[in-house]
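Asks:
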Amino acid sequence: MAALAAAAALATAAAGRPIPEAEALQPPTPARLAAVAAAAKQDGWGPQQADLRAAARLAYERDKLPAAEAWNHVRRWAELFAQTEAEFVPQWIAAVNAAQVGHPNMPSRYGTRPVPIGDVLAPELKLWLLGQTELSGEFHALVSPVDFLPRSFAILQELYAHDAAVFKKFPALAVAIALVYDVPPPPIWPHAQVTAEALPRRFPAPTAAFAWWAKQEQLGKTYHRLARLGPDELKFLVDVAAPFAELEWAQLVSNHPLGQLAGAYTMVRYRNDRLANRTPIWSGSSYALAEIMAAGGICADQAYFATQVGKARGVPTLLFSGAGNDGRHAWFGYLGADGKWKMDAGRYAEQRFVTGFARDPQTWREISDHELAFLGERFRDLPSFRQSRVHVAFAADFLATGLDRAAGTAARKAVNFERRNQAGWEFLLTAARREGRDAKAVESLLREAAAAFARYPDLELLYGKRLADSLRARGETSLADAELQRLAAKNRSGRSDLNVEQARDAVRRAIATQPLPQQLLAYNQAVDTFGRGAGVAFFDQVVAGFVEHLLRLGRRTEAQQALDRARRALRVEPKSQLAADFELLGKTVRETK
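Taken in order, the sequence shown gives residues 239 to 831; the numbers are from our numbering.
Okay, here's the thing in C-alpha cells:
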C-alpha cells in the first residue's frame, strides 16, 4: 500500500512535468513505473511517450546506456500499448503483403476498432512488463512488423490470467507462444507432402501449450531448461504440429539423449517403394507419429517425426528441405546442449553443403540453415553486442522522428561495437540515404558492410548484390559484373547454392529488362558459368523457369535448345531424380504446340 501511495503521489507531482535529469540518468524505479502506469490509466499511454523519450534520450546523450536502454524499453511499451486497432491493422496488412507471408489459413477480415491494442492487457501485467528490462529487450528485438500484436497481447493476457506465478517463471515461453500463435500456420507447414485431412494445420490452445511445456520441465522430461532459453529459441519449440498426447507417446518410444537426438530420424524406416513409384504425398488417413513409425516413410516424414520427438523433450527443432546434386531431400535441425544449432540431422553426407530451408514460425518467412546458424552464434551474448543493440534501438527511434543525422551517428556506434549487428548496417544505410548522401558514399558503406560479413557468405552476397545494383544503376556495368564475379569465385567451392542464386537473379533481371536475344544470352552465360556440374537446385531455380518462360512466349525451339544446353552442363546421373525432371520437362516441351 505504501508503494502504491508513493506512486500515486509521484504521478500527481509529476503531472505535466518532465522527468528530472538526475532520475533520467538512472534506470526507472518501481515507483516511477507505477506512476507512469497510473498516469496512463487516467490519460492513456500516448501522452506518456514524450517524457519517456526525453528521459531515454537524455540518458543516451550522457552515455548512460543501461538507463537509456531501460527508459527506451518503457517508451516502446507505451508506444505499442497506445496504438489502436485502426492504426495497427492497415500497417500490419501492408507488412504481410510486402513480406509475402500471407496464406489461405489466415482470416480474411480483421477488426479495426479505434481501441488501443494494449487495452486487452490487465494493468498489473502491463506494470510487470515495464519492469522487465531483460525480457523487454528480448521482446523488442524479436517482434516484427508481421506479428499480429492484437492477438499476441491477448495471448499474453490469457497466459497471465491462467497462472500468473508460472507466467513469471517462464516469461520467454509465454512471449514465444504469443508471437507464434498470433496467426494460424500455413497449409504448407510443417511440409507440403501430407494432406490437411491427415494433418490439420492448427496450433493448440495457448494456455494448454504453456501449461504442457511448463509441466514437462517440472517433471524433468525436458532436455533444455526452458527458463534459460530466449523467445528467439523457444519459438522453434512451440510450433508443434502433433497433439500433446502424441508427444507423450514419443517420450516413451524414443530414448535418444540430446547428444544423439539425430537418431530419431532413422526411427522411421525409409520407404524406397514410394521413391521408386514417385508418390511423395502421404497416403494414410492419419499422420499420427505412431502410424508414421509403423508404416515407414520418406525423408519428409522422417524429418517431421524427428522434429516432434525433439519438441516432446523441450528441444527447439526445425524441418529443413533442400535440393542437392541429384535430388531433393528433407532433414532436421535442433538446438544442442551447447546452445548451438545442429543442422545435419538426417542430411546425407554428400549434401552437406546443400542449403536447407525452413519456415520461421513467428513470421512464416523462409529461412536458411546458414542464416539460422548466424543468428545462433554466441556473439549475441557478449557485452559489446548488448551495447550495440542499445545504439540500434536509438538509431531506429531517431529515424522514426526525422533525426537522420543522429540516427546515422547511433548506427555507426552500433557497428563499431559489433560489426556483425546487421540491423546497425541497415540503419546506417537508411540514414545515409535520408541525409542525401550520394551513390558513391552509399556504395562505400555497402562495401564496408560486405567486408564485415566476409565470413558469412549469405550476408556478404546480400550487400555485394546491392553494391552491384547501385553500380549498374549509375552506368558502372563492368564494376558491377566484377563484384558479382568476385563473389561467385569465392563461393564456388563451399557455397554453390549462392552461385545458383546469382544465376537465377541474372536471368530474371534479363527477362524483366531485356529483349529476347539478350535473355537467351544471359541464360546461356548463366548455364556456362554456374551450371557446370550443378544439380537439382540449378534446374529448379534457373532451367525450369526459363524454359517455361520461353514456352509461354511460344518459342518451343529456343526452349528445347535451352533444355539441351542445361542437360550438357549439369551433372545428370542416370535414373536420378534430376534425370527424371529433365525427362518430364522435355516431354512438356515436345508436347507444346
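Beta carbons: idealized from backbone N, C-alpha and C, even for Gly.
1) With distances taken from CA atoms, which of Ala-634, Pro-304, Gln-723 and Glu-739 is nearest Pro-266?
2) Which first and last residues belong to the alpha helix (DSSP H) in which Ala-415 is found?
3) Tell me Lys-580's beta-bridge partners as DSSP assigns them.
4) When DSSP labels each residue in this structure, what does Ala-561 get in the three-state scheme?
5) I'd like to check one pair, Arg-742 with Val-780: are the Cβ atoms closer than 8 angstroms?
6) Looking only at its chain, what residues have a beta carbon closer than 6 angstroms to the beta carbon of Leu-318, apart from the 5 residues adjacent to it on each side?
7) Grouping DSSP H, G and I as helix and E and B as strand, with all else coil, what is Glu-588?
8) Suppose the cutoff is 6 angstroms on Cβ atoms and the five residues either side in sequence are ignored; what does the same chain contact list for Arg-794 look like?
9) Quick one: is Ile-355 buried, meaning 16 or more other Cβ sit within 10 Å of its Cβ, or exposed?
10) On the three-state DSSP scale, how would you describe Leu-666?
11) Does the beta-carbon of Glu-588 have 16 or more other beta-carbons within 10 angstroms, so that it is buried, or is it exposed?
12) Between Met-505 and Phe-543, how many whole angstroms is the CB-CB distance? I'm expecting something under 8 angstroms.
13) Hey, would you say Phe-570 sits closer than 8 angstroms to Gly-584, going by beta carbons?
14) Ile-840 by DSSP, collapsed to three states: which one?
15) Go ahead and pull the three-state DSSP assignment for Ala-692.
16) Between which two residues does the alpha helix (DSSP H) harbouring Arg-597 extend?
17) Taking only the alpha-carbon atoms, compute the straight-line gap between Ala-292 and Ile-393 and give it to the nearest angstrom.
18) Comparing C-alpha positions only, which one of Gly-574, Tyr-398, Asn-654 and Arg-712 sits nearest to His-629?
19) Run through DSSP, which three-state label would Ile-605 get?
20) Which residues share a DSSP beta bridge with Leu-637?
21) DSSP three-state call for Tyr-348: helix, strand or coil?
22) Mind checking which residues open and close the alpha helix (DSSP H) that includes His-378?
23) In chain order, what residues of the same chain lie with their CB nearer than 7 angstroms to the CB of Tyr-419, ignoring the 5 residues before and after it?
24) Enumerate in chain order the residues of its own chain whose CB-to-CB distance from Tyr-833 is below 7 angstroms, with the five nearest sequence positions on each side excluded.
25) Can you give the Cα-Cα distance for Phe-632 and Leu-464, rounded to whole angstroms?
26) Considering only residues of the same chain and omitting the five flanking positions on each side of Leu-610, which have a CB-CB separation below 6 angstroms?
27) One question on the structure: do Gln-757 and Ile-749 come within less than 8 angstroms of each other, judged by their Cβ atoms?
28) How should Ser-374 be labelled, buried or exposed, when 16 other C-beta atoms within 10 angstroms of its C-beta is the threshold for buried?
29) If you follow the alpha helix (DSSP H) that Met-531 is in, where does it begin and where does it stop?
30) How would you call Phe-691, buried or exposed, if buried means at least 16 neighbouring beta carbons within 10 angstroms?
31) If you run the structure through DSSP and keep just helix, strand and coil, what is Tyr-298?
32) Which residues bound the alpha helix (DSSP H) around Pro-328?
33) Apply the 10 Å Cβ neighbour rule to Phe-617 and answer buried if 16 or more other Cβ atoms are within range, or exposed otherwise.
34) From Asn-493 to Arg-627, what does the alpha carbon distance come to, in whole angstroms?
35) Give the range of the alpha helix (DSSP H) segment to which Glu-615 is assigned.
36) If we count the other Cβ atoms within 10 Å of its Cβ and call it buried at 16 or more, is Gln-498 buried or exposed?
Replies: With the given structure in hand:
1) Closest by alpha carbon: Pro-304.
2) Looking at the sequence shown, residue 415 is not Ala but Ile. In the DSSP annotation of this structure, the continuous segment of the alpha helix (DSSP H) that includes Ile-415 starts and ends at 409 to 418.
3) According to DSSP, Lys-580 shares a beta bridge with Tyr-572.
4) Judged by DSSP in its simplified three-state form, Ala-561 adopts strand.
5) Less than 8 angstroms separates the beta-carbon of Val-780 from that of Arg-742.
6) Excluding its 5 nearest sequence neighbours in each direction, Leu-318 has no C-beta neighbour in its own chain below 6 angstroms.
7) The pLDDT assigned to Glu-588 is 49, lower than 50, so where the model puts this residue is not dependable, and the model offers no usable value.
8) In the same chain as Arg-794, and ignoring 5 residues on each side of it, the C-beta atoms closer than 6 angstroms to its own belong to Thr-830, in chain order.
9) Counting C-beta atoms within 10 angstroms of its own C-beta, Ile-355 has 16 or more neighbours from the protein chains shown and is therefore classed as buried.
10) For Leu-666, the three-state secondary structure derived from DSSP is helix.
11) With a pLDDT of only 49 at Glu-588, under 50, the local geometry of the prediction cannot be trusted, and the value read off the model is given with reservation. Exposed, by the Cβ-count rule.
12) The C-beta distance from Met-505 to Phe-543 rounds to 7 angstroms, short enough to fall under 8 angstroms.
13) Closer than 8 angstroms, so yes.
14) Residue 840 lies beyond the range of the chain shown here (239 to 831); nothing can be said about it.
15) The answer is coil: DSSP assigns Ala-692 none of H, G, I, E or B.
16) Boundaries for Arg-597: no alpha helix (DSSP H) harbours it, while the beta strand (DSSP E) harbouring it runs 595 to 597, taken from the DSSP string.
17) A direct Cα-to-Cα measurement between Ala-292 and Ile-393 gives close to 31 angstroms.
18) Taking the Cα of His-629 as reference, the smallest distance to any Cα among Gly-574, Tyr-398, Asn-654 and Arg-712 is reached at Asn-654.
19) Three-state result, Ile-605: strand.
20) Per DSSP, Leu-637 has no beta-bridge partner at all.
21) Tyr-348: coil per DSSP, three-state reduction.
22) Boundaries of the alpha helix (DSSP H) harbouring His-378: 371 to 380, taken from the DSSP string.
23) Closer than 7 angstroms at Cβ, skipping near neighbours: Ile-393, Phe-441 and Pro-444.
24) The requested residue 833 is not part of the displayed model; the chain covers only 239 to 831.
25) Roughly 31 angstroms separates the two Cα atoms.
26) Correct list, in chain order: Trp-579.
27) Taking C-beta atoms as the reference points, Gln-757 and Ile-749 count as a pair closer than 8 angstroms.
28) By the neighbour-count criterion, in which 16 or more other beta carbons inside 10 Å mark a residue as buried, Ser-374 falls on the buried side.
29) Its alpha helix (DSSP H) spans residues 527 to 533.
30) Counting every other CB atom within 10 Å of its CB across the protein chains shown gives Phe-691 a total of 16 or more, marking it as buried.
31) Of the three classes helix, strand and coil, the one that applies to Tyr-298 here is helix, per DSSP.
32) Its alpha helix (DSSP H) spans residues 323 to 337.
33) Exposed.
34) Going from the Cα of Asn-493 to the Cα of Arg-627 covers about 40 angstroms.
35) Boundaries for Glu-615: no alpha helix (DSSP H) harbours it, and the DSSP string shows neither H nor E there.
36) Exposed is the call here.
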